[in-house]
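If you read the protein sequences in the order shown, they are chains A and B.
Positions in the first sequence are counted from 1; adding 65 to them yields the numbering used here.
Positions in the second sequence are counted from 1; adding 6 to them yields the numbering used here.
The block underneath contains the structure these notes are about, expressed in structure tokens.
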Amino acid sequence: MRYYKFNVRDGYYIGETRQFSVYEKGMIRRDEPLERLQIIPKINDKNHFNFQYGPATGGLIESLDFKIITNGEAIKGIVVNPYVKSRTMRCLNKTIDECLLLVERINGYHSASHSIAFLSAVEDALNIDIAEGTYYGRIVILELERIRSHLLVLKRMCEPAGFGVPMYQLSYINEIITRIISDISGHRYFYSTNKLNRVDVDFGLLSSYIQTLIKIKREFENIFDGLLESKIFINRLQGNGLIRDDPLIGPAARAAGFKRDARSNISILPYKELNFEPIIFNEGDSFGRFYIRGLEISQSFDLCINALERAKKSEYDYSNNFSGEGAARLESPSGDLFYYVNIDNGLIKDIQMSSPSYLNLKSFIKSAINTIFTDFHFNFESFGIWVSEVGVEFI
Amino acid sequence: MSNQWFIKGVKKGILTEGFPQLPPEKPPLRPSLLNGSSNFKCPVGALDENKWNPEKCIFCDKCSMEMHFTGDQKLFKINRKMNAFKRSLYIYIIDSGTCGACNTELFNIFSPQYDANRYGIFLTNTPRNADVLVLMGVETEGMKSVIEETYESMPEPKCVVKMGTCAIGGAGIGSKISSLEPDALIYGCPPSPYTILEALIELKGDKP
Numbered sequence: 066m067r068y069y070k071f072n073v074r075d076g077y078y079i080g081e082t083r084q085f086s087v088y089e090k091g092m093i094r095r096d097e098p099l100e101r102l103q104i105i106p107k108i109n110d111k112n113h114f115n116f117q118y119g120p121a122t123g124g125l126i127e128s129l130d131f132k133i134i135t136n137g138e139a140i141k142g143i144v145v146n147p148y149v150k151s152r153t154m155r156c157l158n159k160t161i162d163e164c165l166l167l168v169e170r171i172n173g174y175h176s177a178s179h180s181i182a183f184l185s186a187v188e189d190a191l192n193i194d195i196a197e198g199t200y201y202g203r204i205v206i207l208e209l210e211r212i213r214s215h216l217l218v219l220k221r222m223c224e225p226a227g228f229g230v231p232m233y234q235l236s237y238i239n240e241i242i243t244r245i246i247s248d249i250s251g252h253r254y255f256y257s258t259n260k261l262n263r264v265d266v267d268f269g270l271l272s273s274y275i276q277t278l279i280k281i282k283r284e285f286e287n288i289f290d291g292l293l294e295s296k297i298f299i300n301r302l303q304g305n306g307l308i309r310d311d312p313l314i315g316p317a318a319r320a321a322g323f324k325r326d327a328r329s330n331i332s333i334l335p336y337k338e339l340n341f342e343p344i345i346f347n348e349g350d351s352f353g354r355f356y357i358r359g360l361e362i363s364q365s366f367d368l369c370i371n372a373l374e375r376a377k378k379s380e381y382d383y384s385n386n387f388s389g390e391g392a393a394r395l396e397s398p399s400g401d402l403f404y405y406v407n408i409d410n411g412l413i414k415d416i417q418m419s420s421p422s423y424l425n426l427k428s429f430i431k432s433a434i435n436t437i438f439t440d441f442h443f444n445f446e447s448f449g450i451w452v453s454e455v456g457v458e459f460i
Numbered sequence: 007m008s009n010q011w012f013i014k015g016v017k018k019g020i021l022t023e024g025f026p027q028l029p030p031e032k033p034p035l036r037p038s039l040l041n042g043s044s045n046f047k048c049p050v051g052a053l054d055e056n057k058w059n060p061e062k063c064i065f066c067d068k069c070s071m072e073m074h075f076t077g078d079q080k081l082f083k084i085n086r087k088m089n090a091f092k093r094s095l096y097i098y099i100i101d102s103g104t105c106g107a108c109n110t111e112l113f114n115i116f117s118p119q120y121d122a123n124r125y126g127i128f129l130t131n132t133p134r135n136a137d138v139l140v141l142m143g144v145e146t147e148g149m150k151s152v153i154e155e156t157y158e159s160m161p162e163p164k165c166v167v168k169m170g171t172c173a174i175g176g177a178g179i180g181s182k183i184s185s186l187e188p189d190a191l192i193y194g195c196p197p198s199p200y201t202i203l204e205a206l207i208e209l210k211g212d213k214p
């Protein structure tokens, strides 16, 4: 394993796999089961009652089961069951290609991140050197995915505020990005686009979209500036869901002032060659997370265009009978995403994943205590949580 | 301040496209109808005796040497038209076990390019107001009773749509949703907004 070491607790905390606690540069075997996602008030107040929210509700994109302990307005405690829609992925004893079909369906909206993190772990096990064109191709599609994911979060934050016009304008831009993805890869969610040492994307066609990307970037910045000028909107976000301490990763960490971005501290993708520097802010509230995502959208447009010059399709004919162990981590739109694989004769013997949404859900619960229920959605959406990647079991 | 957004909105003009009266402006290649026959060993068993089965297909592109993606978005089957909902159709969604892609594609039919509201198609936050229950994702233990209770609490007349390969055929991930007979099936992994919109318009007995 080139990027990871066993029994090393080095760097910041990334999350949990089935067996390991994962850190920036190492992982430690965990014997205890994962702790429950809940905060229950210490004082038993007779005015508190339980409010059931979910699992099926129009307010959330995915099914998620909340039991909210409240006195009527303020949230005093939360018990979350993210495993209500848990899926089982039959990956063990499958080939890399068969497993990849399942991995890219763990979180459809971040399919490129999942497939590239998985393939990077496999390539680490194979000990192969990746072609330069593939590295930059991966950056291009990861940044397109980040733009679309952040746009969805911003759009979802406009919805509970009743800001219909910016919400629909952001959906419009989101759909244009999705159509560009569909044109260059053949699929709107990058399914079957990533292969070992290869990105199946028409980079030439994407180059013809550069002017469109620049135009959309400007259009987005106008909407974002308009939202920042709106006191009614900003007041709903400022001070809501404040969190400044661990466990924080991804945009939530960067909003709270932590310089935590896998793009700047790992070597599996050459972001440093593109002079990438993470954007940091000093407000750990919903506004901070909103603001960071807005700035990162503009940054991702630039990274995508810059990386495109060096992106290329390449071919790598790998042997089916290799064995090895590998691990890799990358920055998905929600934070650090980690994969560990153990391969025997070309078949998956073990696969473990640490998703950013698990830690984001943990941070969300912490941040929601003593906020009022009407601000719940702004706070929840600001973390960019995807339930689908939390409750996945590999068998 | 609210005026500012009103003016910004008006300045943009109408962004809605002509679909479904006009052909789709940017149909995805995958998913779309597949042509041809093949003896390729499909990883999810979508090629039974060389014939393509859209119920199982995840549109992974593995058979593309012999099969041909047409770009045609008519990837749905209506078992029962619901003419009672000709004027308006209120949708309640249940995610039984999705990857999230079907969910976002369904929300996308309300984006300015597609604007499903002009056909009287709306989302509702309660099954008490719903005409159609849209089921997505593979069958999961935690969501089985939720699906049944939701359907029971919907007023008559009501109908069920199964959307996406997971709900219809399991998609190689798990089992399809076994409860409730569907009035419409929308194929795709995930189905595109073009397919979803046209299927819902046909289900409500409306003319595109």
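For each residue, glycine too, the CB sits at the ideal point set by N, CA and C.
Values in this document were obtained by computation on a predicted structure and should not be read as measured data.
Item	Value
Could one say the Cβ of B:Ser117 lies closer than 7 Å to chain A's Cβ atoms, at least one of them?	yes
Where does B:Phe113 fall in DSSP's three states?	helix
Take the Cβ of A:Arg319 as the centre, count every other Cβ of all protein chains shown within 10 Å, and call the residue buried at 16 or more, exposed below.	buried
Does the Cβ of A:Pro398 have 16 or more other Cβ atoms within 10 Å, making it buried, or fewer, making it exposed?	buried
Whose C-alpha, out of A:Val168, A:Thr135, A:Gly353 and A:Arg253, is nearest the C-alpha of A:Asn112?	A:Thr135
Where does B:Pro161 land, buried or exposed, given buried means 16+ other C-beta within 10 angstroms?	exposed
Run through the DSSP bridge pairs and tell me what B:Trp11 is partnered with.	None; B:Trp11 has no bridge partner.
Could you say which of A:Phe323, A:Leu373 and A:Leu313 lies nearest to A:Glu338 if we only look at CA atoms?	A:Leu373
Quick test of the definition: if touching needs 3 or more C-beta pairs under 8 Å, does the region 215–234 of chain A touch the region 403–419 of chain A?	no
Which ranges does the alpha helix (DSSP H) cover as unbroken runs of at least 4 residues, wholly within the region 274–309 of chain A, from first to last along the chain?	275–294 and 296–302
Do A:Ile108 and A:Ile430 count as a contact pair if the criterion is CB distance below 7 Å?	no
Any Cβ of chain C within less than 7 Å of the Cβ of B:Ile100?	Judged by its chain identifiers, the structure shown contains no chain C, and its protein chains are A and B.
The region 85–114 of chain B: which residues have C-beta closer than 9 Å to a C-beta of chain A, in chain order?	Tyr98, Ile99, Ile100, Asp101, Ser102, Gly103, Thr104, Cys105, Gly106, Ala107, Cys108, Asn109, Thr110, Glu111, Phe113 and Asn114
Would you say the region 288–296 of chain A touches the region 157–166 of chain A, given that touching needs at least three Cβ pairs under 8 Å?	no
Using a Cβ cut-off of 7 Å, pull out every chain A residue sitting near B:Pro161, in sequence order please.	Neighbours of B:Pro161 on chain A: none; closest Cβ ~17 Å, over 7 Å.
Which same chain residues end up closer than 7 Å to B:Lys168 when comparing Cβ atoms and leaving out the 5 residues on each side of it in sequence?	Leu141, Ile174, Ile183, Pro188 and Leu191
From the beta carbon of A:Gly359, is the nearest beta carbon of chain B less than 7 Å away?	no
Could you tell me how far apart the beta carbons of A:Arg358 and A:Leu219 are, in whole angstroms, since I believe they sit closer than 8 Å?	6 Å
Using beta-carbon positions only, say whether A:Ser247 and B:Pro199 come within less than 7 Å of one another.	no
By Cβ distance below 7 Å, which residues in the same chain neighbour A:Ser379 in space, the five residues on each side in sequence not counted?	Ala196, Gly198, Thr199, Asn262 and Arg263
Can you tell me where the beta strand (DSSP E) holding B:Thr3 begins and where it ends?	Lying outside 7 to 214, the shown extent of chain B, residue 3 of chain B is not represented and no answer is given.
Which one of A:Glu284, A:Asp194, A:Ala121 and A:Asp75 has the shortest CA to CA distance from A:Val452?	A:Ala121
So with Cβ pairs under 7 Å, would you call A:Val264 a contact of chain B?	no
Which of the three DSSP states is assigned to A:His113 in this structure?	coil
When the Cβ atoms of the region 139–148 of chain A are set against those of the region 427–442 of chain A, are three or more pairs found closer than 8 Å?	yes
Compile a chain-ordered list of the residues in the region 115–128 of chain A whose CB is closer than 8 Å to at least one CB of chain B.	Pro120, Ala121, Thr122, Gly123, Gly124, Ile126, Glu127 and Ser128
For the alpha helix (DSSP H) holding B:Tyr157, just list the boundary residues, first then last.	Glu147 to Ser159
Counting only Cβ-Cβ distances shorter than 8 Å, please list the residues of the region 51–69 of chain B near chain A, keeping chain order.	Ile64, Phe65, Cys66, Asp67 and Lys68
Taking Cβ to Cβ, would you say A:Gly76 is nearer than 7 Å to A:Tyr68?	no
Leaving out the 5 sequence neighbours to the left and right, which residues in its chain are closer than 8 Å to B:Lys68 when beta-carbon positions are compared?	Phe46, Cys48 and Pro49
Can you pull the DSSP bridge partners for A:Gln103?	A:Val144
Does the beta-carbon of A:Phe114 have 16 or more other beta-carbons within 10 angstroms, so that it is buried, or is it exposed?	exposed
Going along chain B, which residues have a C-beta under 9 Å from A:Glu163?	Pro49 and Gly178
Would you please state the rounded distance, in angstroms, between the beta carbons of B:Lys210 and B:Lys92? I believe it to be under 8 Å.	6 Å
Would B:Lys150 count as contacting chain A if we go by Cβ distances under 7 Å?	no
Should A:Gln234 be labelled buried (16 or more other beta-carbon atoms within 10 Å of its own) or exposed?	buried
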